[in-house]
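Protein chains in written order, with our numbering: chain A, 2 to 316; chain B, 2 to 316. Think of the CB as a built atom: it goes at the ideal place given N, C-alpha and C, for glycine as much as any other residue. Structure record follows, encoded as structure tokens.
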């Protein structure tokens, strides 16, 4: 098989041995694989894949057709359309997926959408509902809302009966966030004034967090999801105490298979039905052929996109 | 009645009108009132009492005898021994207490112990079990463990089947923490090396927090309770994400009566039975007559005490 391959910070499209599925694994002919910020970090030598996943092939989410299954697989069969979370190795013609990390792709969903669905929706769902205990009527702020996780979070929170304010630097991207369910989409300097917020998803990091903390309601919760705007930030503990607030952080990649299975089960129960019904979308900023990965990564790095950039495998 | 009274940063023992109990209030002849760090802040003009409580009489916890009750009081009667959380005004001969903020004092518990029980045990219980979801077998770190909240937290966590490490600057105070249930009591520079910790109570603040965050286990939780060692601290958000950790903060004082009633109900159910049985103690560092409040405040501010400083009302 061929795969996007990181060699000393450069991306190549090179041959690798075909993988073979172990007991609980699916061998998937990848049709589409979404890009995430973590892939750009991995290219630069940070954020390596966890043990058990290809070290030099990036990609944490994919969609494709099951080609073969391990002896103990029970949920999927060859020919099934699946989308999945992997620790790495998604940006390839073939990938191995533990069946507990895979979801059936609803009929109406395209390969490109399915390939860009799992990582961002799992991340947004975990942050909103597990870390921040989002509930009906909550006032929610999503910073850096135009990206993959941001557009997923805005939709999920609105669908769950929250009042969502989206914070987006580029004015031209704001109307789309309102289309996706935000009551307002505003400049980051203005959005905190629309608080107080019960829940905030921080997709920017240090440059944004102090204003977000200051806009929290009593009992508010902030989940840190992105640190593109810096990772080190001064926090005023008295603000945290006075607001009875909490700050949490998480990543999906480092979790165990069992933990990922729990995340995937929650997404299957709570999110996939709304994707199937068309109430949730995967906005696609752009697709690129997989062998043009460098252009796709450059586009991702340039920012200013709405939704996902997805790599498509060659026919 | 006479009361400790803050006048331009000084403490006096002066006359005030006797208070009268409203519908759901108890009029209490105060026998003992514990000192807390917040009282020292209030004396300096910070952390004012919330609306509805005396602005110039400090004190957030007390124990005493019920003298009279409002028309709608159902849980207590004149002559009952009670201990209670108040928004202010505890350091006086008489105080008003909403009956939902009061607890019966177990027979074996002295006035001094009862007067220093509620604020610290409610704070420690809320932090350990509500904010940090402490459970059997958790590895717990308590920093600044020799104070009132610290000694309460060490005892509560140990009683709940956690493995508690206490961090205490002064070597001479460490053996008492082991007596109270810590598996080890160590210097703050050494304690984080005993991690990883599932739960940490941060009673020191900025000077201690970075090392505590670095010692958290995956999924760990830190509750900020004290900021004597500084309130502004640089946090590495990548550490928080990598550990899937959370930082929370809270105070009791600003909560509504209804919220305080929930805290008190949790303490009544979970903590008071263990105080009554003698398994939990209120270590007393010193008691002072109420009219010698300045000496008591100075003693509190000097640090290096084990447990509580409690003011005793004149006979």
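| query | To which residues of the same chain is residue 216 of chain A closer than 7 Å at the C-beta, ignoring the five residues directly before and after it? | reply | These residues qualify, in order along the chain: 142, 193, 196, 197 and 198.
Check: Taking Cβ to Cβ, would you say residue 298 of chain B is nearer than 8 Å to residue 82 of chain B?
Finding: no
One or two residues paired with residue 309 of chain A in a DSSP bridge
A:285.
Review point. How many angstroms separate the CA atom of residue 178 of chain A from the CA atom of residue 125 of chain A?
Key: 15 Å
Look at the alpha carbon of residue 221 of chain A and the alpha carbon of residue 247 of chain A, and state the distance between them as a whole number of angstroms.
7 Å
* Output the boundary residues of the beta strand (DSSP E) element that contains residue 67 of chain B. => Looking at the DSSP string, the run of the beta strand (DSSP E) that includes residue 67 of chain B is 62-70.
Please list, in chain order, the chain A residues whose beta carbon lies closer than 9 Å to that of residue 213 of chain B.
Per Cβ cutoff of 9 Å: no residues; residue 213 of chain B is ~12 Å from chain A at best.
Original post:
Are the region 68-88 of chain A and the region 143-159 of chain A touching, with three or more C-beta to C-beta distances below 8 Å?
Top reply: No, the region 68-88 of chain A is not in contact with the region 143-159 of chain A.
Chain B beta carbons: is any one of them nearer than 8 Å to that of residue 300 of chain A? no
*asked:* Taking the alpha carbon of residue 189 of chain B as the reference point, which residue from B:161, B:263, B:147 and B:163 has its own alpha carbon closest?
replied: B:147
Who pairs with residue 152 of chain A in a beta bridge, going by DSSP?
Partner(s): none; residue 152 of chain A has no beta bridge.
(Q) Quick check on this structure: which residue in B:61, B:78 and B:128 has the alpha carbon closest to the alpha carbon of residue 67 of chain B? (A) B:78
Ranges of the beta strand (DSSP E) found wholly within the region 106-194 of chain A, counting only runs of at least 3 = If only complete runs of 3 or more residues are kept, the region 106-194 of chain A shows the beta strand (DSSP E) at 140-144, 164-168 and 185-187, in order along the chain.
**Study point:** Simplified DSSP state of residue 237 of chain B, which is helix, strand or coil
**Key:** In the structure shown, the three-state DSSP call for residue 237 of chain B is strand.
Item checked: Beta-ladder partner(s) of residue 13 of chain B, from DSSP -> B:6
query: Does the Cβ-Cβ distance between residue 295 of chain B and residue 315 of chain B come in under 8 Å?
result: no
For residue 12 of chain B and residue 58 of chain B, what's the separation of their Cα atoms in angstroms?
9 Å
* Whole-angstrom C-beta distance between residue 311 of chain A and residue 103 of chain A, which should lie under 8 Å -> Cβ-Cβ separation between residue 103 of chain A and residue 311 of chain A: approximately 18 Å, too far for a contact (criterion under 8 Å).
**Asked** With contact counted as at least three CB pairs below 8 Å, one residue from each stretch, are the region 92-109 of chain B and the region 272-289 of chain B in contact?
**Response** yes
I'd like to know whether the C-beta of residue 200 of chain B is nearer than 8 Å to at least one C-beta of chain A.
no
Strictly under 8 Å for the Cβ-Cβ distance: is residue 249 of chain B near chain A by that measure? yes
Please indicate yes or no: does the CB of residue 179 of chain B lie closer than 7 Å to some heavy atom of the ligand SAM? The model on display carries no ligand, and the ligand SAM is accordingly not part of it.
Please state whether DSSP places residue 265 of chain B in a helix, a strand or coil.
Helix, per DSSP.
Review point. Are residue 231 of chain A and residue 212 of chain A closer than 8 Å when you measure CB to CB?
Key: no
- Give a yes or no on whether 8 Å exceeds the smallest Cβ distance from residue 120 of chain A to chain B. no
> Exposed or buried, which one is residue 138 of chain A when buried takes at least 16 other CB atoms within 10 Å?
Replying inline: Looking at its Cβ environment, which holds fewer than 16 other Cβ atoms inside 10 Å, residue 138 of chain A is exposed.
- Considering only residues of the same chain and omitting the five flanking positions on each side of residue 264 of chain A, which have a CB-CB separation below 8 Å? 86, 123, 126, 127, 253 and 256
| Contact list for residue 24 of chain B against chain A, beta-carbon separation under 7 Å | In chain order: nothing, as chain A lies at least about 26 Å away.
From what residue to what residue does the beta strand (DSSP E) around residue 99 of chain A run?
-> 95-99
**Asked** chain B partners of residue 123 of chain A, CB-CB under 7 Å?
**Response** Result: empty, since nearest Cβ-Cβ is about 14 Å, beyond 7 Å.
| message | When you compare the CB positions of residue 235 of chain B and residue 175 of chain A, do they come within less than 8 Å of one another, or not? | response | no
### Message
Buried or exposed for residue 284 of chain A, going by 16 or more other Cβ atoms inside 10 Å?
### Response
buried
Notebook entry, point to check: DSSP puts residue 27 of chain A in a beta bridge; with which residues?
Noted result: A:70 and A:98
* **7 Å CB neighbourhood of residue 99 of chain B in its chain, flanking five on each side removed** => 25, 26 and 258
Give me the residue from B:159, B:151, B:242 and B:165 with the minimum Cα distance to residue 317 of chain B.
No answer is possible for residue 317 of chain B: the residues shown for chain B start at 2 and end at 316.
Cβ of residue 108 of chain B within 8 Å of any chain A Cβ
Taking Cβ atoms only, chain A never reaches closer than 8 Å to residue 108 of chain B, which makes this a no.
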